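Visitor:
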Amino acid sequence: MTFGVPKEIPKLREVLTQSFKECVLKIIEKIKNEVNKLNYVAGETYSSYLGGGEEGRK
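If you read the sequence shown in the working numbering, its first letter stands for residue 4, the second for the next number, and so on.
#1: Would you kindly work out how many angstroms separate the C-alpha atoms of residue 29 and residue 19, rounded to a whole number?
#2: Where does residue 9 sit, in a helix, a strand or coil, going by DSSP?
#3: Taking the C-alpha atoms as reference points, what is the distance between residue 38 and residue 31?
#4: Taking only three categories from DSSP, how would you classify residue 54?
Written as structure tokens, this is what we have:
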């Protein structure tokens, strides 16, 4: 009888690692989208504060 790592364990680790990476990348993408939305809103607010919406940005 030999004791060692079952053949399934490295494969399972590989699958879980890949799934974790994909999950982290999705979270990062969602954060980027939210930051872009906030930057757009902040830009709109600031430009309207300057007085003129689109004209205020130029």
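Built from N, CA and C at the ideal position, the CB exists for glycine as well. Source: prediction; values computed, not measured.
Guide: On the basis of the supplied data:
#1: 15 Å
#2: coil
#3: 10 Å
#4: coil
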